[in-house]
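*Asks:*
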Amino acid sequence: MSLPPYLVVAFALFCIGLYGVLTRRNAIGLLLSVELMANAVNINFVAFARFHGGHAGQVFALFAIALTVAEVVVGLALVMLLYRTRKDILVDEASDLKH
Amino acid sequence: MMEHLAFVVVAVALIVSALRVVTSKNLVHSVLWLGVTLASTAVMYLVLEAPFLAGVQILLYTGGVVTLMIFGVMLTRRVDPRTVVNEQSRRLPGAATAILTFLVLVAAALATDDLPAGGLHAPDTETLGRSFLTEHVMAFEVLSLLLLAAMVGAIVLARRRDYGTGKEKA
Amino acid sequence: MPEPAHLALIALLAPIAAAVIIGVVPPLRRAGKPAIAVSIAAVLASLAASVVLFVMYVDHPVGTVELAAWLPGSGTVLAEVGLRLDGISISMLVVVTLVAACVQIFSIGYMSDETPPALGRYFGFHSLFVFAMNLLVVAPNLLQLFVGWELVGLSSYLLIGFYYRKPSAARAAVKAFWVTKFGDMGLLIALLVLYGQTGDFSWDVSLSIGWATVITLLLFLAVMGKSAQFPLHVWLPDAMEGPTPVSALLHAATMVAAGVYLVVRADPLFSQAPFTQGVMAWVGGFTALFAAVIAVVQTDIKRVLAYSTCSQLGYMVCALGAGSLMGGFFHLTTHAFFKALLFLAAGSVIHAVHSNELSDMGGLWSRMKLTTTVFIVGALALAGFPLLSGFFSKDLILEAVFERGFVVPWAFLMIAAFLTAFYMGRVVFLTFFGKPSAAAEHAHEGGLSMKLPLVILAIGSVVVGYGGVALARVYRTDYHFHVGAVGIGATLLAFAGIGFAALVYWKKSVTPSALALFSPVGKLARSALVDRLYVALFQHGLLLFSGAVGFIDRYLVDGVMNLIGWLAIHAGRRLRVIQTGNVQHYVYAVVAATLFLVIWGLWS
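Written as C-alpha cells, this is what we have:
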C-alpha cells in the first residue's frame, strides 16, 4: 500500500463535508458536515504518520480530536441559544449581522 | 493484500455514509449516518496501525459526539415538522466548489515530489503516552484548560436565564 | 594739488551732509532760510570741487578709486564702494552740479511764497537729489550705480509730490515711481544675470552675444523707464505737478539723463549687443517723433517742455543705438543747459502770470525782456538754430544715425526736428507776442535770484556747443565739425518750422487747415491712450490671472481632495454589500481564497 489512496479518500471526505457546509440550511446539519471535514483531516494525519514514521501525526490527530469535541460542545450551546431566540435554526435566515 | 481489501471496504463505507450525511432530508438520519462514518473512520485507523486512536475515536466521536448531536436535534425541533430541504439553487454552486476543491487537492498531492513511501511502522501506544507527558506536556496541559473553558463556556451560553436568583430574564 | 579723490568726495558728500543736517535738525528745517543757506552752500561747494576736478583731471583720467569693500564674498569682494573718475564722469559732475546750483538759486526767488518749513523740506530734498545723482555718476560698478539710480527715483518722488496736499501731485509722484520702478526691475534682473554670468557687477566684461543681448535689453528697460521712452514715457508729463525748478533739474537736465548716462557708462556691454542697439535706435527715433507730435497740441507750457524733453531724450537714445556715444552724451550736455533754461524761464513766466496755460499768456515781450530773450535763446538752441549749442549736438546725432544705416529712425528724427522748431515757435509766439491776456497784463520779472541763473544757463546754451572738440578727446573719437547734407537739411527744417509757426500763431494767416491735421492728435493726447492701455493690461490682466488661479485652486486642487473623499464614501457604499450576514457566503469566500492561493502556489 502506498500513501496516495489514503490521501484521496481523505480529500473526498473533506470535500463531501465542504459540500454539506455550503449547502445545509439547518445549523445542526452544518455542524455534522464540519465533523466530516475534521475527520478527513485526522485521517490525513494518521496516514502520514503511518508512512512517514514517528508519532507526531498521531499526537496531532489526538489533539485534533479533543479540539473538535470541544468545538462541537460550544457549537451546540450556541445552537441552543439561537433556537431559544428565534425558534428555528436556519442559518440563512440568521443574517442580522449584515450591512 | 489484506490491507488493500480492508482499505477498499472502509473507503467505500466512508464515502457512502458521508454522502448520506450531507444529503439526508431527515436530520436524525443524518446523525445516524454520521455515526457510521465515524465508526468507519475508526476502522480506517486500525488499518493504518493506530489502535489507540481507533479506540479514542469510538469513545469520543461515535459515542459522545453522536449522542450530543441527537440531543441537539431533539431539543431544536421545529414546531411544524416540515423538514429542511436543500434548495436546488444552493446545491449546484456547493457541488461545483466541492468538486473544484477536490481536484485542486489531488493536483497538489500529485505535484508533491517527496511523499513518504513508508516501510516504517507506526508507534505503539506506550510511545504515544510517553510523548504526551514529556515532549508535548505543555500542549497537553493547555488542551485540558481548553476543555475546561469549553465546558464552562457551553454552560454559560446555554443556561436558562431564570436559574437561581432570577436575574437576567431571557 | 588736491587729490582727485578728495575733490570728488567733497562733491559727493557736501550735499548729503546738507541733506542730513536739514533732516536731522528740525529747528533748522522749520526756520526755512537757514536750511536754504546750508543747501546752497553745499551745492556750491560741490560745484567748485567738480570744476576744479574737471579743469585739472579731465584730460588724464584717474580710473577707479576704491573706497571700501562693500559686500564681502568668499575670499574676494563682491562689490566695492568707490569712485570712478574719468572724463565722462568728471564732465557729467560739472553739468549736474552747475545746473543744480542754478536751479537752487532760482528756487530762492521762485519758491519765496512757500512757508519756511516747506522751504526747508524742499531744499533738503534738493540736496538729497544732488548727492544721489553724483553717486550715480561716479559709480565704479553697476551695483553702486543702481543705488544712486534708486535714490534719484526717491528724490523725484519726494519732489514731484512736494505739494502733497494736492491729490493730482500725489498721484503723479506715485505714478512716476511706479513706472520707473517697472523699468528698474530690468536693471535689477540685469544685475543678477550679470552676476550669474561673471560673478561681478562691472561693465568691463566680455560676454557671449546672447547674454550681452539679454543683459543690455534689461538695462534698456530701465533706461526706458528713467528716460521716458515710449511706452514708459507716461510719467513724465504728469511729473510737471512738481515745482517748476524741480522740473528743470530732474525732469529735463539730470535725472532723466541718467538713463542715457547708464548706456554711456555700460558701453562695453552695449557694444557687444548689436541687436539691443538696433532696438534702441528704433525706440529712440519713434519716441522722438511721437513726443514731438503730442507736444504740438499741448496747452500747458510745462507739458510742452515735458514732451519736448521726452522727444530730445529719444534723440539721445537713438544716437546711442547708432553707436555714437559722443553724440548721445554731447546732446545730453547741451540739452541740460537749454532745457533747464527753458524750464526756468517758463517758471519765470508762470511766476508772473500765476498760471501754466498758454492762453493766460501773451505779449510778455514788453513786460519781461530778460525772460523773453533767454527763452528765445533756449528755444532756438533746442530747435537747432545754427551756432547755438543744440545745433552742433543735434547735427552730430543726425549724421551718426544716418551713417549707421538706420534710415527710418533717421527720418523720424528729421520730422521731429521740424516739429520741434514748430512747437517751440508756437510757444514763443503765443507766450511773448500777440495780445496779452488779462493775467499777463500785470506781469513783471522776478528778482535777482531768478534772473541770474537764467543768464548763466543762457550763456551755457550758447557756449557748450563749442566744447564739442574737448568732449571728443574724452571719447577718443575724431570730431570735427563739418557742414554736411544732413546738417543743411536739418537746419532748413528748423527754419521751416519756425517760419510755419510764425505764420500760424503770429500772423495768424494759416490757422484752420494746418491745425486740422493735428486735431486727432490732440484728441489722442487728451485721451491718455497709453495710460488706459496700461490700466487695461495690468489691472484686468492681473484680475484675469487671479481668476484663473482661483479657478485652479477651487476646482482642481480642492476638486482632487473632494474626489478622494467622494471615492471613499462611494467605494464604501458599494463594498458594504459583501457583508451579507450569511455564514455560508463567508465560507465560500474563505474557500475561494484558499483555492486561489493553492493554485497560485502550484503554478509558480
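Top line first, the protein sequences correspond to chains D, Y and E. Each residue of the first sequence is one higher than the one before, counting from -15 in the numbering used here. Each residue of the second sequence is one higher than the one before, counting from 7 in the numbering used here. Each residue of the third sequence is one higher than the one before, counting from 408 in the numbering used here. Every residue, glycine too, gets a C-beta built ideally from N, C-alpha and C.
1) Rounding to the nearest angstrom, what Cα-Cα distance links alanine 176 of chain Y and threonine 47 of chain Y in this structure?
2) So which of D/Val75, D/Glu19, D/Val57 and D/Leu2 has the shortest CA-CA distance to valine 162 of chain Y?
3) Does any C-beta atom of chain Y lie closer than 8 Å to the C-beta of leucine 982 of chain E?
4) Identify every residue that forms a DSSP beta bridge with threonine 623 of chain E.
5) I'd like the list of long-range same chain contacts for histidine 39 of chain D, defined as Cβ closer than 8 Å, with 5 residues on each side in sequence excluded.
6) Flag this pair as yes or no: are the beta carbons of asparagine 548 of chain E and phenylalanine 608 of chain E separated by less than 8 Å?
7) Rounding to the nearest angstrom, what Cα-Cα distance links leucine 598 of chain E and leucine 535 of chain E in this structure?
8) Closest Cβ-Cβ distance between valine 990 of chain E and chain D: below 8 Å?
9) Do you know how far the Cα of valine 25 of chain D is from the Cα of alanine 155 of chain Y?
10) In three-state terms, what does DSSP make of asparagine 28 of chain D?
11) State the DSSP-derived secondary structure class of arginine 491 of chain E, mapped to helix, strand or coil.
12) In chain order, what residues of the same chain lie with their CB nearer than 7 Å to the CB of isoleucine 0 of chain D, ignoring the 5 residues before and after it?
13) Give the straight-line distance between the Cα atoms of alanine 102 of chain Y and glutamine 986 of chain E, rounded to the nearest whole angstrom.
14) In the structure shown, what three-state DSSP assignment does asparagine 32 of chain Y receive?
15) Please confirm whether cysteine 725 of chain E and alanine 635 of chain E have their CB atoms less than 8 Å apart.
16) For methionine 64 of chain D, go through chain Y and note every residue whose CB falls closer than 8 Å to its CB, in chain order.
17) Confirm, please, whether the CB-CB distance from arginine 774 of chain E to alanine 865 of chain E is below 8 Å.
18) From the DSSP output, which residues share a beta bridge with aspartate 707 of chain E?
19) Determine the direct distance from the alpha carbon of glutamate 132 of chain Y to that of alanine 12 of chain Y, and round the result to whole angstroms.
20) From this set, E/Ala425, E/Ser519 and E/Met499, which residue's C-alpha is nearest glycine 854 of chain E's C-alpha?
21) What is the C-beta distance between alanine 442 of chain E and glycine 531 of chain E, in whole angstroms, given that I count them as a contact (C-beta under 8 Å)?
22) In chain E, which residues lie with their C-beta within 9 Å of the C-beta of alanine 75 of chain D?
23) For valine 667 of chain E, I'd like the list of residues in its chain whose CB is within less than 8 Å of its CB, leaving aside the five on either flank, ordered along the chain.
24) Determine whether the beta carbon atoms of tryptophan 772 of chain E and phenylalanine 682 of chain E lie at a separation below 8 Å.
25) Okay, do the segment 738 to 752 of chain E and the segment 812 to 823 of chain E touch, 3+ Cβ pairs below 8 Å being the bar?
26) So if DSSP puts threonine 471 of chain E in a beta bridge, which residue, or which two residues, is it bridged to?
27) Looking only at its own chain, which residues have a Cβ that is under 8 Å from the Cβ of leucine 66 of chain D, when we skip the five neighbours before and after it?
28) Which residues, taken in chain order from the segment 100 to 123 of chain Y, show a beta carbon closer than 7 Å to some beta carbon of chain E?
29) Could you tell me the alpha carbon to alpha carbon distance between valine 581 of chain E and valine 431 of chain E, rounded to whole angstroms?
30) Quick one: using the 10 Å Cβ neighbour count with 16 as the cut-off for buried, is glutamine 946 of chain E buried or exposed?
31) For the alpha helix (DSSP H) containing histidine 533 of chain E, list its first residue and its last residue.
32) Given this structure, state the Cα-to-Cα distance separating proline 860 of chain E from glycine 617 of chain E, to the nearest angstrom.
33) Just to confirm before moving on: does the CB-CB distance between valine 143 of chain Y and isoleucine 1006 of chain E stay below 8 Å?
34) Can you tell me the Cα-Cα spacing of asparagine 28 of chain D and alanine -6 of chain D, whole angstroms?
35) Quick one: give me the first and last residue of the alpha helix (DSSP H) that isoleucine 976 of chain E is part of.
*Replies:* For this structure:
1) Residue placement at alanine 176 of chain Y cannot be trusted, given a pLDDT of 49 that sits under 50; the coordinates are not used to answer.
2) D/Val57
3) no
4) Bridge partners of threonine 623 of chain E: none, in fact.
5) Ala33
6) yes
7) 25 Å
8) yes
9) 24 Å
10) helix
11) strand
12) Leu20
13) 23 Å
14) coil
15) no
16) Gly78, Leu81, Thr82, Leu163 and Ala164
17) no
18) E/Glu764
19) 26 Å
20) E/Ser519
21) 6 Å
22) Reading the sequence as shown, one finds valine at residue 75 of chain D and not alanine. Within chain E, the residues near valine 75 of chain D are Asn989, Val990 and Gln991.
23) Val630, Ser634, Leu720, Met723, Val724, Leu727, Gly735, Phe736 and Leu739
24) no
25) no
26) E/Arg491
27) Ala11, Ile73 and Ala78
28) Thr103, Leu106, Thr107, Val110, Ala113, Ala114 and Ala117
29) 25 Å
30) exposed
31) 523 to 544
32) 47 Å
33) no
34) 6 Å
35) 965 to 982
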